[in-house]
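K.L.:
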Amino acid sequence: MEQHDLLLIVDVLSYRGCYVRSLTASLPEILSIFADTGCFSRIGVLAYRDYQADSVLEWSGWLNQGQHESSQEPHLDLIAFAKRLRKNGTRNYGAVKTALAKACQVMRADAKTLIFLYAETCPTPSYSYGSNLCRLKGENNLMGPRSYSGYGPAFIDWVSACNTLRDGPKQAQVFSILNEFMELGDADWYNYLCTRTDGVCVHVKSHLARDIAKVTVGLLLAWMGVDKAPSASDKVQAGDISAELLRYISASEIDSPENEESLSTFPYCSIGSWVWWEESDNITRVKLTVDVMKRCVPQRTAPMPDFTEEITSMINSVPDTERYPCVFLDPTLSFANKKYGAENGRNRPISALTRSELLQIGRCCNPGVLRHFGAILTRLTVVASAREMPDHISSISANHVAKVPFVLASANYNREFWKVLLHTIVPGTRLPARYAALLAALSLRMGIVPLIKVAEQEMLAFKGKWNDSAIPQTWNLGCLTLLLDADEAHQKQQDMGLIMNRSRILNPIDRDLFDRLVTYTLLEEKLHTQVTAQVPFTPNRTMASIPSTPSEITASVGPLVTCRECQYPRSVTIMGTDGKCGLCLAEYADDWQKEICVSTGVSKDVTATSKITWVKCTSGSCRAQYVIYCFDRWFYPYSYFPDRECYYCRSQGSRDNDKDHVKQNKSPAPTVQCNKCSNCIIWPEEYRTSAFKESDFICPLCTSGYGPITKLEVTPYKLFAENTFSWLAQGANYQEEWPHRSESIFQIISRMGTEGVLSGISFFPFSEPQLRYNGKPIRNSKKIISTLQKIVERSKTIDGKCSLCFSAFHYSHLLAACGRDGCFQKMCANCLVGWYMHNSVGRVINTAVLGCPFCRRYPTLPLVAKYRPSTQGVKDFGKAVRDNEKFIYAWCCECDTAKVVMNRTCMLGEPLGLTDWVCDRCHDEIKSERRQRRRRRRD
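Just so you know, we're using our numbering here: the sequence shown kicks off at 801 and counts up by one.
1. Please go through the same chain and pick out, in chain order, the residues whose beta-carbon is closer than 8 Å to the beta-carbon of methionine 1702, but skip the five residues on each side of it.
2. Note down, in chain order, each residue of its chain lying with its Cβ closer than 8 Å to the Cβ of lysine 897, except the 5 sequence neighbours on either side.
3. Tell me where the beta strand (DSSP E) around histidine 804 begins and ends.
4. For the beta strand (DSSP E) containing serine 1399, list its first residue and its last residue.
5. Just how far apart, CA to CA, sit glutamine 803 and arginine 908?
6. Hey, how far is the Cα of valine 1127 from the Cα of proline 1119?
7. Which residue or residues does DSSP assign as beta-bridge partners of asparagine 864?
8. List the whole-angstrom C-beta distance separating alanine 1233 from lysine 1219, where the pair is believed to meet the contact cut-off of C-beta under 8 Å.
9. Tyrosine 1534 by DSSP, collapsed to three states: which one?
10. What's the C-alpha gap between aspartate 1055 and proline 1508?
11. Compute the distance between the beta-carbons of phenylalanine 981 and glutamate 920, then report whether it is under 8 Å.
12. Report the three-state DSSP secondary structure of isoleucine 1481 (helix, strand or coil).
13. So if DSSP puts histidine 1003 in a beta bridge, which residue, or which two residues, is it bridged to?
14. Go ahead and label tryptophan 1074 buried or exposed: buried means 16 or more other beta carbons lie within 10 angstroms of its beta carbon, across all protein chains shown.
15. By the three-class DSSP mapping on this structure, what secondary structure does glycine 894 have?
16. From proline 1227 to threonine 824, what does the alpha carbon distance come to, in whole angstroms?
17. Determine which residues share a DSSP beta bridge with alanine 1529 and list them.
18. Apply the 10 Å Cβ neighbour rule to phenylalanine 1677 and answer buried if 16 or more other Cβ atoms are within range, or exposed otherwise.
19. Taking only the alpha-carbon atoms, compute the straight-line gap between valine 845 and tyrosine 948 and give it to the nearest angstrom.
20. Taking all protein chains shown into account, decide if methionine 1296 is buried (16 or more other Cβ within 10 angstroms of its Cβ) or exposed.
21. Ends of the alpha helix (DSSP H) at asparagine 1630?
22. Could you give the DSSP three-state label for glutamine 1473: helix, strand or coil?
23. Quick one, which of Gly1622, Leu1650 and Gln1625 has its alpha-carbon nearest glycine 1634's?
24. Taking Cβ positions, are glycine 1025 and cysteine 1165 nearer each other than 8 Å?
25. Based on DSSP bridge pairs, tell me the residues matched to valine 1254.
26. What did DSSP end up calling leucine 1129 once you bin it into helix, strand or coil?
27. Any contact between the segment 811-823 and the segment 834-848? By contact I mean 3 or more CB pairs, one from each, below 8 Å.
28. Give a yes or no on whether the C-beta atoms belonging to arginine 1643 and threonine 1697 are separated by under 8 Å.
29. What residues are listed by DSSP as bridge partners for serine 1356?
30. Rounded to the nearest angstrom, what separates leucine 1317 and arginine 1311 at their Cα positions?
31. Pick out the complete beta strand (DSSP E) segments inside the segment 1285-1339, 3 residues or longer, and give them in chain order.
32. So, at 6 Å on beta carbons, what are the nonlocal neighbours of tryptophan 1717 in its own chain, with the 5 sequence-adjacent residues on each side left out?
33. Within the continuous alpha helix (DSSP H) that includes valine 959, where are the two ends?
34. Are leucine 978 and alanine 987 closer than 8 Å when you measure CB to CB?
35. Where does tryptophan 1266 fall in DSSP's three states?
36. Can you tell me whether histidine 1223 is buried or exposed? The criterion is at least 16 other CB atoms within 10 Å of its CB, across all chains shown.
This is the structure we're talking about:
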């Protein structure tokens, strides 16, 4: 049974000491739970301040289970420890990274630690450590290679810290509690930490100790899976607490960031952004209620049963005639790559996986999890007959190397093959039926040729069981994408003749349902994808494409009318009633001011080709263009020329708040539309001649040489301001509020049902959409939709993902895994190098990586020449391949020859690790040369 410890890490410098006071308020109940339930083996409190404090950390020590009842052991009073905590610092640089490093030091490897982290400020950025700009007391402890038992350097970088707590020898699950003074952008640090460690991040909209204490106890009980029946007073208090659960809308690429700096380039947080008060668009906030905690808070891992006896008995019951083909994990093969350090998650040996980690495939199918299980499937060895069984495996007891027969996949053995396959990794592991089917789906997705038939059997047997709304774990992007990818790969395998059965592994209705839900989710992820929109030319001074000075846009004045009062030829765009221009009709403080404004920028010699300044109305419902003569009072000063509303919008009132009006693009101004650029200019009807035809009208800006089209970078999210959501998707949610989704895929399917989704949700319903941006029609609306469709489809297909690491790449960055016909798997360059260049000089030769990880055939010669050139010059390499089942070969550093190291039957434990290995012959020659040199020196 997995043991748990509880560690409370508290920021002492929080506002009015709210975290310390909440800790003292909640500790009595926490200690009561600790004593009564026994769900924790020990509990401790770690306080941290900032790097300028005299004492950066204070550690209480561990209170062991039952210690407080024993009179023989020293009494550790955690409540008294919490009450003694005092402020000492400035709250400028929180030492949370140092606190986590200390936590990792005091944690233990044989138990998982549940950490409650109370924080108010963001961690110190990694670039501050050791810099001249930020030399703070205590931070050098992290930089020392042996600080905090060697864990210190790993916690300088936030991504490294998260990976250490998640995948390191001492693992933790972090629940972060943030008070109301935590900035929106700063909360992203802790949401990332909690997501990586399978925890939760809660933002309490209060600084009161009782509110934070109540949230603490509630989260702890939810983690324990305890339903506490609240009293009437509890219900009142719960309603008074405003707290939100922070969750990512999508975390499909959360394993991708390699360091703290790269976080800002991924859709998870605004870390590194100068807009520190803004929160990531990929985060949704859910009001914290009892139901939300039950549904969203990860619960304590249940005891992992050991099925070793049952599985061994099942395998032994298989007759000798049916024991082949079988699959096993060869303990003598090492797949560790020297390119990656031992601490790298991708280089972690699969033998180090725990039974709890092997059950992750049923709970999460993100790329990081699939990468681990993909490593298992590519490293398993399949033999077809007893004659092909290596001697060192046939001589090993089944207790050391489990050999799982393929016949267990048949109905006669209750289709146990995929359920017990991971028994080869961690003895005693048996997967539930749904988990086993997902593992089979992954095998089909990866195209593991030796396992294709048994994987197909498993998927066909589970075919009608996926569409079950009672299983929330199925209804997420990772799981549905895996099923769709497996179905696509299965169809390709049928087309290539690898599978003779013509049945599909998904029902047509389920396939359509899953595809719509995945498309809907991917569309939400792409709302901030930039696309190029072509809109009519806009006289905006900020446009980089306008060939004029930053302060004004000049073009021909166009049609003129002589003002009846001032007798100046005026542009029709500023003409008012009774034949008077707007300047004459305006109100002035005195005649002198009127004379100045009326006579500025105009003369009796003005013609239609004379240059003048053009502007556009800023009202979203208008956007009409007109000229400016004067820059005084109701116009803007000449030195700074921003946009502004036109006379009609100012006098009649802008209709920007009327959403329907904006979408219909109705302007209160009398305008005519240019048939070249589609812009509208103001032209009152009373000043249009009888010969005027709007269909032939070309505006003065177009006649002045300005291009009719302006290209702008926009996002679907920006387009929603003036267009209904129906151009993108219909039927899934409230059309006006879709960008801020609060529903998961599971909630959508629970609310709408299968029929509701299939009949109600449609994507890109209009073949000829008419989109608008800033009040102007988008000329390439159809192309924008086509671009979004391609982006979504590319995200859905398996052709855009590496089949080994499951990361998404542009199709041009993915290469054939082996180049052989019948193998359609693609790999990224890093995975190709990591696989085919595994064998290196001075190390043991692993012949398993000479072939394709998927179809197990040798790659084509061009691929060998590019990714495995060094092995071509090694002598006796073919002999090492032929005798691989009997002997362990290594690559001699001196003679570049494959030489026998030992018989495989002599090594039953861990894989042999050699570095800079030299064969006996070369070793003797080196010794002989040394002796000769010594003799020559004597002579």
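Cβ atoms here follow ideal geometry from the backbone N, Cα and C, with glycine treated the same way.
P.N.:
Straight from the coordinates:
1. On the sequence shown, position 902 is the one that residue 1702 refers to. Excluding sequence neighbours, methionine 1702 sits near Phe1687, Ile1688 and Leu1712.
2. Residue numbering aside, residue 897 sits at position 97 when the sequence shown is read from its first letter. Correct list, in chain order: Pro923, Thr924, Leu942, Phe955, Ile956, Trp958 and Ala961.
3. Here residue 804 is taken as the residue at index 4 of the sequence shown, counted from 1. Element bounds for histidine 804: 803-811.
4. Sequence index remark: in the sequence shown, residue 1399 carries index 599 (1-based). Taken as a continuous stretch (DSSP letters only), serine 1399 belongs to no beta strand (DSSP E), being part of the alpha helix (DSSP H) at 1391-1399.
5. By 1-based counting over the sequence shown, the position of residue 803 is 3. By 1-based counting over the sequence shown, the position of residue 908 is 108. Roughly 10 Å between the two C-alpha positions.
6. Counted from its first residue, the sequence shown places residue 1127 at position 327. Counted from its first residue, the sequence shown places residue 1119 at position 319. Each residue's Cα considered, the two are about 16 Å apart.
7. Start at 1 with the first residue of the sequence shown, and residue 864 comes out as number 64. Per DSSP, Arg842.
8. Position 433 of the sequence shown, counting from 1, holds the residue named residue 1233. Position 419 of the sequence shown, counting from 1, holds the residue named residue 1219. That belief holds up - the Cβ atoms of alanine 1233 and lysine 1219 are roughly 7 Å apart, short of 8 Å.
9. Sequence index remark: in the sequence shown, residue 1534 carries index 734 (1-based). In this prediction, tyrosine 1534 scores a pLDDT of 46, lower than 50, which makes its location untrustworthy; the coordinate-derived value is nonetheless stated afterwards. Three-state DSSP puts tyrosine 1534 in coil, outside helix and strand.
10. Start at 1 with the first residue of the sequence shown, and residue 1055 comes out as number 255. Start at 1 with the first residue of the sequence shown, and residue 1508 comes out as number 708. Straight-line Cα distance between these residues: approximately 45 Å.
11. As a position in the sequence shown, residue 981 is number 181, starting the count at 1. As a position in the sequence shown, residue 920 is number 120, starting the count at 1. Against a cut-off of 8 Å, the Cβ pair of glutamate 920 and phenylalanine 981 comes out as a contact.
12. Stepping through the sequence shown from its first residue, residue 1481 is reached at position 681. Here isoleucine 1481 sits in strand by DSSP.
13. Counting from 1 along the sequence shown, the entry for residue 1003 is found at position 203. In DSSP, histidine 1003 forms a bridge with Leu978 and Glu1044.
14. Here the question's residue 1074 lines up with position 274 in the sequence shown. A caution first: tryptophan 1074 carries a pLDDT of 37, below 50, which makes its placement in the model too unreliable to give a value.
15. As a working note, residue 894 is residue 94 in the sequence shown. In the structure shown, the three-state DSSP call for glycine 894 is strand.
16. Locating residue 1227 in the sequence shown gives position 427, where the first residue counts as 1. Locating residue 824 in the sequence shown gives position 24, where the first residue counts as 1. If you take the alpha carbons of proline 1227 and threonine 824, they lie about 44 Å apart.
17. The residue you call residue 1529 lines up with position 729 of the sequence shown. Answer is Phe1563.
18. Counting from one through the sequence shown, the residue named residue 1677 turns up at place 877. Buried is the call here.
19. Working through the sequence shown from its first residue, we reach residue 845 at position 45. Working through the sequence shown from its first residue, we reach residue 948 at position 148. Taking the straight line from one Cα to the other gives about 17 Å.
20. Taking the sequence shown and counting its residues from 1, one reaches residue 1296 at position 496. The residue in question, methionine 1296, is exposed, as its Cβ has fewer than 16 Cβ neighbours within 10 Å.
21. Position 830 of the sequence shown, counted from the first residue, corresponds to residue 1630. That run of the alpha helix (DSSP H) goes 1629-1636.
22. For this step, residue 1473 is matched to residue 673 along the sequence shown. Three-state DSSP puts glutamine 1473 in a strand.
23. Here residue 1634 refers to the residue found at position 834 when the sequence shown is read from its first residue. Residue Leu1650 is the option with its Cα nearest to glycine 1634.
24. Here residue 1025 corresponds to residue number 225 of the sequence shown, with the count starting at 1. Here residue 1165 corresponds to residue number 365 of the sequence shown, with the count starting at 1. In this structure, cysteine 1165 does not lie closer than 8 Å to glycine 1025 by Cβ.
25. Taking the sequence shown and counting its residues from 1, the one referred to as residue 1254 is at position 454. None, per the DSSP bridge assignment.
26. Here the question's residue 1129 lines up with position 329 in the sequence shown. Note: leucine 1129 maps to coil in three-state DSSP.
27. yes
28. Taking the sequence shown and counting its residues from 1, the one referred to as residue 1643 is at position 843. Taking the sequence shown and counting its residues from 1, the one referred to as residue 1697 is at position 897. Contact: no.
29. Locating residue 1356 in the sequence shown gives position 556, where the first residue counts as 1. Beta-bridge pairing links serine 1356 to Lys1411.
30. Translated into the one-based positions of the sequence shown, residue 1317 becomes position 517. Translated into the one-based positions of the sequence shown, residue 1311 becomes position 511. Roughly 10 Å between the two C-alpha positions.
31. 1331-1336
32. Position 917 of the sequence shown, counting from 1, holds the residue named residue 1717. Contacts found: Gly1642 and Ala1690.
33. As a position in the sequence shown, residue 959 is number 159, starting the count at 1. Unbroken alpha helix (DSSP H) run through valine 959: 958-967.
34. One-based indexing of the sequence shown puts residue 978 at position 178. One-based indexing of the sequence shown puts residue 987 at position 187. Yes, they are a contact pair.
35. Against the sequence shown, residue 1266 aligns to sequence position 466. Note: tryptophan 1266 maps to coil in three-state DSSP.
36. Counting from 1 along the sequence shown, the entry for residue 1223 is found at position 423. Buried.
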